[in-house]
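See below for the structure under consideration.
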Amino acid sequence: MNKFLKDERGVSLIELIGVTVLLGVMSILISGIFFTTVKTTDIQGEKVQIQQAANNMFAQMESISKIKNIYKDAGYLGKFTGVDWHKAHIIKPLAEDAATGEWLAMKDEEQGTNKIAITNINDTLNKTKTTYQIKNPKIKIKILQQKNENEVTNTQYKTPNYRDTFSIQTTVMVLFYKDDINFSEYYEAESGTWEFDKLSKLTNTVYSRKSVMYYRDDDKAKGDVPGDGRW
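Residue numbers (this note's numbering): 23 to 253.
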């Protein structure tokens, strides 16, 4: 026995268009969610990479400050003479020359670079340097150093603070940023001091970290070398 289906019909053009539009909207939503997820993952991954690079840089710089006789071998102890004391640092940041490939010491007020290296002041041939680079080529790295915070720290009576005058102290900031920064606006060349807080709050600063390196000048403290206890 044959049975006939009543009102049997196919999909109308309007229904087909409706389904197509619905699928398109769903596809756009799914693509948007996927894109947002990928972008968030990339941002988080970049942040982790930057923080890890900062960790490694500070670990290296801390190890440099612990090298035996590093300050004495660099001629930084006792009655200091020679180049400007405020500009003399044991940590030597390097940038690669684009034309020659040679690693050169970075100047205080010049721009950072995406790839930098760090070594100590006594490594004249830069053989012990360690390089650091961020995957995003738009991010630059800059190392800022400021000698002896005691020289700019006053007591409650507004007089200079010489409580630990036989210690050499250097404040170091690692700055990750985009575009360019006019570093001369944040650096006082005569005193060698930086406006660290302002730099860390710039809109194009991606990440910054600051720490203080210490070195005790025992020879000077005992009076074995000349000097009045003030750096």
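All residues carry an ideal CB built from backbone N, CA and C; glycine is no exception.
These numbers were taken from a predicted model, which means no experiment stands behind them.
Within 10 angstroms of the Cβ of residue i, are there 16 or more other Cβ atoms? Answer buried if so, exposed if not.
{"i": "Ile50", "result": "exposed"}
{"i": "Leu126", "result": "exposed"}
{"i": "Val196", "result": "buried"}
{"i": "Asp250", "result": "Note that Asp250 scores a pLDDT of 45, beneath 50, so its modelled location is shaky and nothing firm can be said."}
{"i": "Asn142", "result": "buried"}
{"i": "Leu44", "result": "exposed"}
{"i": "Lys36", "result": "Here residue 36 is Ile; the residue named in the question, Lys, does not match the sequence. With fewer than 16 Cβ atoms within 10 Å of its Cβ, Ile36 is classed as exposed."}
{"i": "Gly123", "result": "exposed"}
{"i": "Ile203", "result": "buried"}
Hey, could you find the ends of the beta strand (DSSP E) residue i is sitting in?
{"i": "Lys169", "result": "161 to 169"}
{"i": "Lys114", "result": "113 to 118"}
{"i": "Leu126", "result": "125 to 127"}
{"i": "Asn148", "result": "Unbroken run through Asn148: none, as it is neither H nor E."}
Check for me: the alpha helix (DSSP H) holding residue i runs from which residue to which?
{"i": "Ile92", "result": "92 to 95"}
Can you list, in chain order, the residues of its chain with a C-beta nearer than 7 Å to that of residue i? Leave out the 5 residues immediately preceding and following it.
{"i": "Met83", "result": "Ile113, Ile140, Val194, Met235"}
{"i": "Ser233", "result": "Phe80, Val194"}
{"i": "Gln168", "result": "Thr192, Thr193, Gly214, Thr215, Trp216"}
{"i": "Asn158", "result": "Glu68"}
Which residues in the same chain have their Cβ closer than 6 Å to the Cβ of residue i, if we skip the five residues on either side of it in sequence?
{"i": "Thr42", "result": "none"}
{"i": "Arg231", "result": "Ala76, Val196"}
For residue i versus residue j, is the C-beta spacing smaller than 8 Å?
{"i": "Ala96", "j": "Asn144", "result": "yes"}
{"i": "Lys200", "j": "Lys160", "result": "yes"}
{"i": "Ile72", "j": "Ile156", "result": "yes"}
{"i": "Glu132", "j": "Tyr209", "result": "no"}
{"i": "Tyr237", "j": "Ser53", "result": "no"}
Near residue i, which residues of its chain fall below 8 Å by C-beta distance, leaving aside the five closest residues on each side in sequence?
{"i": "Gln154", "result": "In the sequence as presented, Gln is not what sits at residue 154; that position holds Tyr. Around Tyr154: Ala75, Asn78, Met79, Lys137, Ile138, Ala139, Ile140, Ile163."}
Please check if any C-beta of chain B sits within less than 8 Å of the C-beta of residue i.
{"i": "Val43", "result": "Annotation note: the requested chain B is absent from the structure, which comprises a single protein chain."}
> What residue ranges within the segment 211 to 237 form continuous alpha helix (DSSP H) runs of no fewer than 4 residues, ordered along the chain?
Replying inline: 218 to 222
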